[in-house]
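Okay, structure first, notes after.
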Amino acid sequence: WIDVAPCGPGSPFRARPRAMPPSAPALVVGEEFVAFAEQLADAAGKVILGYWRKPIEVESKQELGRPVAESPVTIADREAEDVMRKLISSRYPSHGIYGEEFGQTGLDAEYIWVLDPIDGTKSFITGKPLFGTLIALLHHGRSVLGVIDQCVLKERWIGANGVTRLNGQPVRSRGALRLSEAMLYATTPHMFAPGFEESRFAELRDSVKRPLYGCDCYAYALCASGFGADLVVEADLGVYDYCALVPVVTCAGGRMSDWNGQDLTLQSHPVSRGRVVAAATESLWKEAVSVLCDGGVAQRKSARKLPAGFLLGFACGASAVAAVTLCMLTKRR
1041 WIDVAPCGPG SPFRARPRAM PPSAPALVVG EEFVAFAEQL ADAAGKVILG
1091 YWRKPIEVES KQELGRPVAE SPVTIADREA EDVMRKLISS RYPSHGIYGE
1141 EFGQTGLDAE YIWVLDPIDG TKSFITGKPL FGTLIALLHH GRSVLGVIDQ
1191 CVLKERWIGA NGVTRLNGQP VRSRGALRLS EAMLYATTPH MFAPGFEESR
1241 FAELRDSVKR PLYGCDCYAY ALCASGFGAD LVVEADLGVY DYCALVPVVT
1291 CAGGRMSDWN GQDLTLQSHP VSRGRVVAAA TESLWKEAVS VLCDGGVAQR
1341 KSARKLPAGF LLGFACGASA VAAVTLCMLT KRR
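Throughout, the numbering used here is defined as the position within the sequence shown, counted from one, plus 1040.
Written out as structure tokens, the structure reads:
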């Protein structure tokens, strides 16, 4: 859903996101599910704190084909996910589970819990309290409940039913309206694959007020809370990396989508390829998508070629007019 309109420096045409088509009404999430999500976060946090800033063995997972192929995993990751999975299976045996460490089960279920026990394991193993436990509840593949839990700082964001709360208090996103005014976060500049992703991020990075790195899921929580993180742009994320973030950001009044402005769902992951953008304001989101989207690249390339073609056409037209005029004068003589 991309429109083209004249705007932006350096190019007469830029792609801009058009209003999204009407979607199905959002599911009202019962308090039972919200309370259970908090129970999951409590259980995971208890496990994680038992290993926090203590000697711990770190293994490496190799995922070939990704911009950053190696990622760490610890016993804290595995035990935290295991305790959550056991609680879900006991309480809701008909629900599916999609976890980072132990895979997927029941993906055809109406409800699916998506778990990332420690989003930001590199932060965790280096003693930096900016990692988080991510818990999402999907209904027919769409995120309807999201939790970002930072057990060390005792901060918990819950997004559901149009409201995001930080430790029980409602928060709202607010911030920059334009890229030139925005503070941009990404976990690392190395997460963008060479070619399309790298070039799109580079253009966006050079358009903002200041790029910052290293917050993992915590950056999305800051964006949702209006604390000054205006924009988060990342790529190569897994389903478990972003499903919980969507309700937290959007229920706070922000916008979150893939790079083409499309909704992030379980079904759309093969198309989005884990490329996400979250913004504190609508206008900032639109401007960011206009830089990141596939259509934006094509339109900019076409726009760069426009002046030469236009001048050639103008020259040919002028020559034809001159020839006709000369012929008419000759006949009159």
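Using N, Cα and C, we set each Cβ at its ideal position, and we do this for glycine too.
Could you spell out the range, first to last residue, of the alpha helix (DSSP H) harbouring residue i?
{"i": "Ala1116", "result": "Ile1115 to Arg1131"}
{"i": "Arg1240", "result": "Phe1236 to Arg1245"}
{"i": "Glu1322", "result": "Glu1322 to Leu1332"}
Start and end of the beta strand (DSSP E) containing residue i?
{"i": "Asp1082", "result": "Where Asp1082 is concerned, there is no enclosing beta strand (DSSP E), although the alpha helix (DSSP H) it sits in stretches over Glu1071 to Leu1089."}
{"i": "His1179", "result": "Gly1172 to His1179"}
{"i": "Val1154", "result": "Tyr1151 to Asp1159"}
{"i": "Arg1250", "result": "Arg1250 to Tyr1253"}
{"i": "Ala1233", "result": "No beta strand (DSSP E) contains Ala1233, which DSSP labels as neither H nor E."}
{"i": "Leu1224", "result": "Met1223 to Ala1226"}
Tell whether a beta-carbon distance below 8 Å holds between residue i and residue j.
{"i": "Ala1200", "j": "Val1069", "result": "yes"}
{"i": "Gly1090", "j": "Cys1191", "result": "no"}
{"i": "Glu1140", "j": "Asp1156", "result": "yes"}
{"i": "Gly1378", "j": "Thr1227", "result": "The question about residue 1378 has no answer, for the chain in this structure spans 1041 to 1373."}
{"i": "Ile1096", "j": "Ile1158", "result": "no"}
{"i": "Leu1244", "j": "Ala1319", "result": "no"}
{"i": "Thr1204", "j": "Ala1292", "result": "yes"}
{"i": "Gly1235", "j": "Cys1263", "result": "no"}
{"i": "Arg1240", "j": "Leu1324", "result": "no"}
{"i": "Ala1261", "j": "Ile1188", "result": "yes"}
{"i": "Arg1313", "j": "Gly1266", "result": "no"}
{"i": "Leu1217", "j": "Leu1252", "result": "no"}
{"i": "Gly1146", "j": "His1135", "result": "yes"}
{"i": "Gly1215", "j": "Gly1268", "result": "yes"}
{"i": "Tyr1132", "j": "Val1154", "result": "no"}
{"i": "Ser1220", "j": "Lys1194", "result": "no"}
{"i": "Ser1297", "j": "Val1311", "result": "no"}
{"i": "Pro1210", "j": "Lys1162", "result": "no"}
{"i": "Asp1246", "j": "Asn1300", "result": "no"}
Could you tell me which residues DSSP pairs with residue i in its beta bridges?
{"i": "Thr1145", "result": "Ile1137"}
{"i": "Glu1195", "result": "Gln1190"}
{"i": "Pro1210", "result": "Arg1205"}
{"i": "Ser1100", "result": "Pro1112"}
{"i": "Pro1216", "result": "Residue 1216 is actually Ala in this sequence, not Pro. DSSP lists no partner for Ala1216."}
{"i": "Ser1163", "result": "Looking at the DSSP assignment, Ser1163 forms no beta bridge with any residue, so it has no partner."}
{"i": "Leu1185", "result": "Leu1177 and Ala1200"}
Are the C-beta atoms of residue i and some chain D residue less than 8 Å apart?
{"i": "Asp1256", "result": "Among the chains in the structure shown there is no chain D, since it carries only a single protein chain."}
Specify whether the segment 1274–1286 and the segment 1230–1241 touch according to this definition: at least 3 beta carbon pairs, one from each stretch, less than 8 Å apart. By the Cβ test, the segment 1274–1286 is in contact with the segment 1230–1241, since at least three Cβ pairs between them sit closer than 8 Å.
Length-filtered (4 minimum) alpha helix (DSSP H) runs lying within the segment 1290–1319: As far as the segment 1290–1319 is concerned, its whole alpha helix (DSSP H) runs of at least 4 residues are 1309–1312.
Could you pull out every unbroken beta strand (DSSP E) segment of at least 3 residues lying fully inside the segment 1259–1292, listed in chain order? Look at the segment 1259–1292 and you find these whole runs of beta strand (DSSP E), each 3 residues long or longer: 1271–1274.
Stretch-stretch touch, CB-based, cutoff 8 Å, three pairs: the segment 1073–1081 with the segment 1124–1133: Counting Cβ pairs under 8 Å, three or more are found: they touch.
Stretch pair the segment 1179–1189 + the segment 1300–1312: three plus CB contacts closer than 8 Å: Counting Cβ pairs under 8 Å, three or more are found: they touch.
Between the segment 1167–1176 and the segment 1264–1274, do three or more beta carbon pairs fall short of 8 Å? Cβ pair count under 8 Å is below three, so no.
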